[in-house]
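Protein sequence lines correspond, in order, to chains A and B.
Under our numbering, the first residue of the first sequence carries the number 1, and numbering increases by one thereafter.
Under our numbering, the first residue of the second sequence carries the number 1001, and numbering increases by one thereafter.
By construction, the Cβ of each residue, glycine as well, lies at the ideal position given by its N, Cα and C atoms.
Report on the following structure.
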Amino acid sequence: MRALTWQGTKDVRVETVPDPKILNPRDAIIEVTSTAICGSDLHIFDGVIPGMQAGDILGHEFMGRVVDVGPGSTLKKGQRVVVPFTISCGGCFFCTEGLYSACDNSNPVEKQDASEAAFGHAMAGIFGYSHLTGGYSGGQAEYVRVPFSDVGPIVVPDDLPDDQVLFLSDILPTGWMAAENCDIRPGDTVAVWGCGPVGLFAVQSALLMGAGQVIAIDHHPRRLELAASLGAKVVNYRETHVAEALLEMTGGIGPDAVIDAVGMESHGLAPDRLMDRAKQAVGIGVDGIHALRSAIHACRKGGRVSVPGVHGGFADSFPTGAVMQKGLTLRSGQTHVQRYMPSLLHRIAEGEIDTTFLISHRLPLEDAAKGYQHFRDDQNTWTKVVLKTPASGWTG
Amino acid sequence: MAGKSRVGWVILGGGIAALAVLAYANAGQKRGNRDSAPGHTARRRRWGDYAVEAYTVTIARPGSELYAFWRRFQNLPQVMENVDNITEDGETTTWTIRAPMGQTVEVKTRIVTDQPDEVIAWRSIEGSEIDTSGKVMFADAPAGRGTTVTAIIAWDPPFGPLGQIVAKAAGREPAIQARHELKRFKMLMETGEIATAHRRPAE
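Have a look at this one:
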């Protein structure tokens, strides 16, 4: 089959690799029709995610048709499914609590040692990501082996096209959980740093949850335009002093909740950002947290800080004083995708949520490497890239 | 002990399998740490000449089921990847354990305590290539979370502390093996399978 493989920093290629097979009873094999490039794939592309190996197949946002099942799978051949990026067994303590992305059993035992040493506890398995999360072959490929296929994939009706449901795999539930972590009360102000896919879906979700105003912060005009079209007020940090603006727009109180939808490769104009970047460049693994620092600084006293942005290591100058002195609550985590899929699919089917506005480019899987380069370098206009395989029947 | 010098440090390859049970493995508690922590978490947790390691997992299954699986030693190679073969002859169990560089070692044990659904303890006997003992304990977990399973292992490290360091570097120290084996046991009991990230069967 053809698949997008990681070869090294800023080096991804579509290559021919052996097809996957059923290995465990609960496995299924999915023939991919549509698969997207995620902002977190760009962290891998940029070489700031540890635990990658040359030849790894990337991609954790994918959907397609079931072509083979193990005896323990509940799926049937021919069903059309969207697959969550997190792999979850459904039976461990964490899965039964709804904390699917904390599954104890999906990351192979020998792969658990690294994250256990780094974070204190082992992470769950994730498709197409670092070997810290299992090193599973991902979905930017023609076929994928999907473990625990009786728990993860959701069957979607044939009358909903791929582009309407694909983002159930990651970014829509991630934006939704980011907003849910804000404990929004009617009339609240929510400020969102970063108008990438997750930030935009967080804007949409926060408004659906009853926020009085959502303020979206970025510097790409096209992305701010998209946020405004969803109903957000927008702030361009290149033109406006963000902290002052947020105070003035909230009567001097500050946002009730803030969302860091930027993560570890935060851009920005402030000196702290330059120091983070310098340390990342010499490989001492410091997360760039300029966006998170600004968010914590701006958040009102007693407010909520939600962090869907990807962070992977350690951060310097984390504002512990602001967190404590203002009595902030901080919530984060990889998304518990399985928890949100059914209700979000329902909202899509009812026309309450549209996700297709985000897609700026559709490319054949063969052109995936080009998609990575543009998604990284032309962020203003390349807001989301969806890759189509031959099986999708897509002809451009 | 016969064979010890022949196999050198590589004999540490057996994890829990190699372990026979230390019936007194809470030794640390009796030897000085005066807090509420389990003895096997003491900073100085040697028991005489023996190194002691332990690891606990919570498994969302009834203790009786877990005990029954473990007590049938023939099941254990499913979760112990370094165990090639297990044979039982009367009271003696012989574990053939894979070691680096194509070698194998044989650990011979007998059961010293067997309380159904609660504990299985074993100890090595004359003729074993590793001097070891250990036990696995099953207890109800709080809040309906299933069963906590604790394995405690004591062994006499060949070549002393230096040998232990070398074994650790090779990833074959009993503590590492025990952790991996208990996690595989948990996977198999909770999900019916053991997670793998491979895309296809090994060629």
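Chain A contact for residue i (CB, 8 angstroms cutoff)
{"i": "Met1187/B", "result": "yes"}
{"i": "Lys1183/B", "result": "yes"}
{"i": "Glu1190/B", "result": "yes"}
{"i": "Thr1058/B", "result": "yes"}
{"i": "Glu1193/B", "result": "yes"}
{"i": "Ala1197/B", "result": "yes"}
{"i": "Arg1110/B", "result": "no"}
{"i": "Ala1023/B", "result": "Its pLDDT being 37, under 50, Ala1023/B is placed unreliably in this model, and the coordinates cannot settle the point."}
{"i": "Arg1200/B", "result": "yes"}
{"i": "His1040/B", "result": "no"}
According to DSSP, residues forming a beta bridge with residue i
{"i": "Leu328/A", "result": "Looking at the DSSP assignment, Leu328/A forms no beta bridge with any residue, so it has no partner."}
{"i": "Met1/A", "result": "According to DSSP, Met1/A bridges with nothing at all."}
{"i": "Gln213/A", "result": "Thr189/A"}
{"i": "Leu387/A", "result": "Thr35/A, Leu363/A"}
{"i": "Met1137/B", "result": "Val1119/B, Thr1150/B"}
{"i": "Ala28/A", "result": "Val69/A, Val146/A"}
{"i": "Trp6/A", "result": "Val12/A, Asp56/A"}
{"i": "Asp1089/B", "result": "Thr1092/B"}
{"i": "Val17/A", "result": "Val17/A is not bridged to any residue."}
{"i": "Gly64/A", "result": "Val32/A, Val81/A"}
{"i": "Thr1132/B", "result": "Trp1155/B"}
{"i": "Asp218/A", "result": "Asn236/A"}
{"i": "Thr86/A", "result": "Ile126/A"}
Residue span of the beta strand (DSSP E) that contains residue i, given as start and end
{"i": "Ser306/A", "result": "304–307"}
{"i": "Gln1115/B", "result": "1104–1115"}
{"i": "Thr1058/B", "result": "1051–1059"}
{"i": "Ile1097/B", "result": "1092–1098"}
{"i": "Val48/A", "result": "Counting along the chain, Val48/A falls outside any beta strand (DSSP E), and DSSP gives it neither H nor E."}
{"i": "Ala202/A", "result": "Per DSSP, Ala202/A belongs to no beta strand (DSSP E); it is in the alpha helix (DSSP H), 197–208."}
{"i": "Lys233/A", "result": "233–236"}
{"i": "Ala257/A", "result": "257–260"}
Which listed residue (the options) has its alpha carbon closest to that of residue i
{"i": "Ala1154/B", "options": "Arg1199/B, Ala1178/B, Trp1095/B", "result": "Ala1178/B"}
{"i": "Asp377/A", "options": "Pro18/A, Phe45/A, Ile29/A", "result": "Phe45/A"}
{"i": "Val82/A", "options": "Gln112/A, Leu172/A, Ala368/A, Pro25/A", "result": "Leu172/A"}
{"i": "Pro399/A", "options": "Gly396/A, Asp183/A, Phe357/A, Gly64/A", "result": "Lying before the first or after the last residue shown, residue 399/A is absent from chain A, which here runs from 1 to 396."}
{"i": "Asp104/A", "options": "Ala124/A, Ala118/A, Ile29/A, Glu248/A", "result": "Ala124/A"}
{"i": "Pro1201/B", "options": "Pro20/A, Ala391/A, Thr389/A", "result": "Pro20/A"}
{"i": "Arg1071/B", "options": "Asp1114/B, Glu1173/B, Thr1191/B", "result": "Asp1114/B"}
{"i": "Ile37/A", "options": "Gly175/A, Gly139/A, Met1/A", "result": "Gly139/A"}
{"i": "Glu265/A", "options": "Asp68/A, Ile22/A, Arg293/A, Ile126/A", "result": "Arg293/A"}
{"i": "Ala228/A", "options": "Cys195/A, Asp159/A, Gly263/A", "result": "Cys195/A"}
{"i": "Ala3/A", "options": "His290/A, Thr35/A, Gly396/A", "result": "Thr35/A"}
{"i": "Cys182/A", "options": "Pro255/A, Met249/A, Ala232/A, Asp218/A", "result": "Pro255/A"}
{"i": "Ala179/A", "options": "Glu142/A, Ala206/A, Tyr143/A", "result": "Ala206/A"}
{"i": "Ala1141/B", "options": "Val1149/B, Thr1196/B, Lys1108/B", "result": "Val1149/B"}
{"i": "Pro18/A", "options": "Leu344/A, Thr240/A, Ser360/A, Met1/A", "result": "Met1/A"}
{"i": "Gly251/A", "options": "Gly55/A, Thr174/A, Tyr237/A, Asp188/A", "result": "Asp188/A"}
{"i": "Asp1156/B", "options": "Val1052/B, Asp1035/B, Arg1043/B, Ala1042/B", "result": "Val1052/B"}
Start-to-end residues for the alpha helix (DSSP H) that takes in residue i
{"i": "Thr1191/B", "result": "1174–1191"}
{"i": "Pro221/A", "result": "221–229"}
{"i": "Pro364/A", "result": "No alpha helix (DSSP H) contains Pro364/A, which is instead part of the beta strand (DSSP E) from 361–364."}
{"i": "Asp163/A", "result": "162–165"}
{"i": "Ala426/A", "result": "A question about residue 426/A goes unanswered here, because the residues of chain A that appear run from 1 up to 396."}
{"i": "Leu23/A", "result": "Here Leu23/A belongs to no alpha helix (DSSP H), and DSSP marks it neither H nor E."}
Any C-beta of chain B under 8 angstroms from that of residue i
{"i": "Trp129/A", "result": "Note that residue 129/A is Tyr in the sequence shown here, rather than Trp. Answer no: the Cβ-Cβ gap between Tyr129/A and chain B never drops below 8 angstroms."}
{"i": "Ala73/A", "result": "The question names Ala, but residue 73/A in the sequence shown is Ser. Chain B, which has no Cβ nearer than 8 angstroms to the Cβ of Ser73/A, makes this no."}
{"i": "Phe85/A", "result": "no"}
{"i": "Tyr136/A", "result": "yes"}
{"i": "Leu365/A", "result": "no"}
{"i": "Phe400/A", "result": "No information on residue 400/A is available, as it lies outside the stretch 1 to 396 that chain A covers here."}
{"i": "Gly125/A", "result": "yes"}
{"i": "Pro147/A", "result": "yes"}
{"i": "Ala202/A", "result": "no"}
{"i": "Cys89/A", "result": "yes"}
* Closer than 9 angstroms, Cβ to any Cβ of chain B: which residues of the segment 101–116 of chain A, in chain order? -> Asp104, Asn105, Ser106, Asn107, Pro108, Val109, Glu110, Lys111, Gln112, Asp113, Glu116
* Near-chain B residues of the segment 18–36 of chain A (beta-carbon distance less than 8 angstroms), N- to C-terminal order -> Pro18, Asp19, Pro20, Lys21, Leu23, Asn24, Pro25, Arg26
* Residues of the segment 1127–1147 of chain B whose Cβ lies closer than 8 angstroms to any Cβ of chain A, in chain order -> Arg1145, Gly1146
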